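For reference, the structure discussed in these notes is given below.
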Amino acid sequence: MNDILYDQIPSLDLADFKADGPERKAKFVRDLGAAFTNIGFVSIRNHGLTDELTDTLYDSVKAFFSAGDAIKKKYEFPELHGQRGYVGKNKETAKGFKVADLKEFYHIGQPEPINDMPENVFPDEFPAFKENTLITYQTLEKAGRTLLRAIALYLELPEDYFEDKVKNGDSILRAIHYFPLNPDLVQPGAVRAAAHGDINLITLLMGASAEGLEVLRRDGKWIPITALPDQIIVNVGDMLDRLTNHKLKSTIHRVVNPPREKMNSPRFSIPFFMHPRGDMDLTSLESCISTENPKIYEDMTAGAFLDERLQELGLKKN
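Have a look at this one:
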């Protein structure tokens, strides 16, 4: 299975994992593991989001980003290092790149923060934004916990291995606006989202409003990824890659600029980055280390790793 070069990512049904028959559940676990050890991406049906919620969410997100800069900047708090509220244009630069991504975004965290987690901030001018993003957060968090149970079984861990680690975790729902571009003014090398891997355990991505997402296949070929209306895209993040000593692959992906004739069109995308709590130990599992696959990562907690990456992205200063 590890030798397959996918032209499109595998598609799975989360209902199979929750089915009564053990055969369907076991096959889902095998298929999910095969996809994550190979290309690191999969599309998932029966994730819990309804068409109505998706439509109303995108409507409220578009309404916020259509507001003037004066309103949006009311909800930008640099001291939160981009972890809550609005983050303006040209603020995030992918690791290894010098030109900022062509986007702006808004972050929603745990609805009921604990310990030193910051409180969420919501735009007073758009009450539907708060309601729809919180419902979406909770829906995708539930789907993510179910997927982590399947991942645990694939790794031959107790099914609830991740449960206590992601409870009240640092997960983020990110509403992204890739704003319209003037092709004559785009800085050389600037793209909507430069090639990167995600920081977290897994990412659950709702279908975007336009194409543009591409995944780097093992042979160096970029393949386009588009979710069908009833699917979300799920991929392995760097934290899960570290935990499994690169058995489960955090695959590089990007959002490319549209053709010149479509550059003046916006693109909206809403990923859910599923994080554990900061105290989770990301030391690679002994079961994923062998003579053939020696340990490649230093020991680190999730909180230390997140802090390191936020500095690399330019969202947090040393």
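In terms of UniProt numbering, the sequence shown opens at residue 1 and continues consecutively.
Even glycine gets a Cβ: it sits at the ideal position worked out from N, Cα and C.
Quick caveat: nothing in here was measured; it's all calculated off a predicted structure.
Under the three-state DSSP convention, the category residue i falls into
i           : result
residue 326 : A query on residue 326 cannot be resolved here, the shown segment of the chain reaching from 1 to 318 and no further.
Ala302      : helix
Ala34       : helix
Asp198      : coil
Ser287      : helix
Glu156      : coil
Arg218      : coil
Arg149      : helix
Met1        : Annotation note: pLDDT 47 at Met1 (below 50); position unreliable, no value reported.
Pro22       : helix
Ala128      : helix
Cβ pair residue i, residue j closer than 8 angstroms
i      : j      : result
Asn257 : Arg192 : yes
Ala150 : Val29  : yes
His177 : Phe77  : no
Phe272 : Thr203 : yes
Phe126 : Ala63  : yes
Gly85  : Lys91  : no
Leu5   : Arg260 : no
Val234 : Ile44  : yes
Ser250 : Gly40  : yes
Leu49  : Val42  : no
Leu243 : Leu205 : no
Pro158 : Tyr137 : no
Limits of the unbroken beta strand (DSSP E) element including residue i
i      : result
Asp13  : Ser11 to Asp13
Tyr178 : Ile172 to Tyr178
Gly85  : Gly85 to Val87
Tyr106 : Glu104 to Ile108
Ile44  : Phe41 to Arg45
N- and C-terminal bounds of the alpha helix (DSSP H) containing residue i
i      : result
Ser60  : Asp51 to Phe65
Val166 : Glu163 to Val166
Ala94  : First-last for Ala94: undefined, no H or E at that position.
Cβ shell of residue i (< 8 angstroms), same chain only, five flanking positions each side left out
i      : result
Asp13  : Phe28, Ile44, Arg45 and Asn46
Met1   : For Met1, the predicted structure reports a pLDDT of 47, less than 50, and the residue's modelled location is therefore unreliable. A value from the coordinates is still provided. Excluding sequence neighbours, Met1 sits near Ala34, Thr37 and Asn38.
Ile71  : Pro123 and Glu125
Ala152 : Pro158, Glu159, Asp160, Tyr161 and Phe162
Contacting residues, own chain, Cβ-Cβ under 6 angstroms from residue i (five flanking each side not counted)
i      : result
Asn132 : Thr56, Leu57 and Ser60
Ala128 : Ser60
Ala15  : Asn46
Met280 : Lys165 and Ala302
Val255 : Arg192, Ala193, Gly212 and Leu213
Legend entry - Touching by the beta-carbon criterion (3+ pairs, under 8 angstroms), the segment 212-231 and the segment 109-123: no
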